[in-house]
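Chemist: Quick note on numbering: our numbering labels position 36 of the sequence shown as 90, and the sequence is numbered without any gaps.
Using N, Cα and C, we set each Cβ at its ideal position, and we do this for glycine too.
What follows is a single structure, and I will ask about it in a moment.
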Amino acid sequence: MNKQEPEIKDLSKFLNLFNKESDRGAALIAASFLDNSLKEIIEVFLIDNKSSKELIDGFNAPIGTFSSRINLANSLGLLMEDEYLLLHSLRKIRNEFGHEWDDVTFDSKTIQNKIQNLKWYGPEDITERTNKAIFNFAVVKLLANLLWRKRLVQKQRLTKKNWLDYE
């Protein structure tokens, strides 16, 4: 039997949902998946105890928002600078979709202005670089990196130290 890596399963499941969504749905699902990926990366890095879990989950968790998770992951050295900037850009796009009740698409002026700040991560031979395509390739590139990052970070998990033994 062919065992599939859990990261590949998650990416496949995400892409299946993501590709069926409206523009608003795609932005919201992408941000949610990225947010959850950051949460998991931070969880496997922090000391495995109750206080670490309370920081990340639960009512008024200080690291319970997408923005705070982006900033913490960057502060802990768990993100590369371009990933950090891209995550904040995608978060701002998500916010535009989430806070506008009217018909918002990737071609709406407010979204379009934010998409212009994104780099093209798709194949160079694609000439029709729509706003949605720019967004989609940025999300998939970032998500693929973050899904594997969890495995790498887990090897560097923090442990409790006895600070009285240090001189």
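#1: Going by C-alpha distance, which of 131, 105, 120 is nearest residue 214?
#2: What separation, rounded to the nearest whole angstrom, lies between the Cα atoms of residue 107 and residue 198?
#3: To the nearest whole angstrom, what separates the beta carbons of residue 72 and residue 84, a pair I think is in contact under 8 Å?
#4: Grab the span of the alpha helix (DSSP H) containing residue 74 for me, first residue to last.
#5: For residue 151, which of helix, strand or coil comes out of DSSP?
#6: Is DSSP giving residue 80 helix, strand or coil here?
#7: Among 194, 201, 170, 219, whose alpha-carbon lies nearest the alpha-carbon of residue 176?
#8: Extract the residue ranges of the alpha helix (DSSP H) inside the stretch 101-135, only unbroken runs of 4 or more that lie entirely within it.
#9: In its own chain, which residues sit with a C-beta less than 6 Å from the C-beta of residue 62, not counting the 5 before and 5 after it?
#10: Among 70, 184, 179, 112, which has the Cα closest to the Cα of residue 165?
Modeler: The answer reads as follows:
#1: Just measuring C-alpha positions, the residue of 131, 105, 120 sitting nearest residue 214 is 105.
#2: The straight-line gap from Cα to Cα measures roughly 25 Å.
#3: Their Cβ separation, rounded to whole angstroms, is 6 Å, which keeps residue 72 and residue 84 in contact under 8 Å.
#4: Unbroken run through residue 74: none, as it is neither H nor E.
#5: Under the three-state reduction of DSSP output, residue 151 falls in the helix class.
#6: In this structure, residue 80 counts as helix in the three-state DSSP scheme.
#7: Comparing alpha-carbon positions, the option among 194, 201, 170, 219 lying closest to residue 176 turns out to be 194.
#8: Here the runs fully enclosed are 104-110, 120-129.
#9: Taking C-beta separations shorter than 6 Å and ignoring five residues to either side along the sequence, residue 62 has no partners in its chain.
#10: Here the closest residue by C-alpha is 184.
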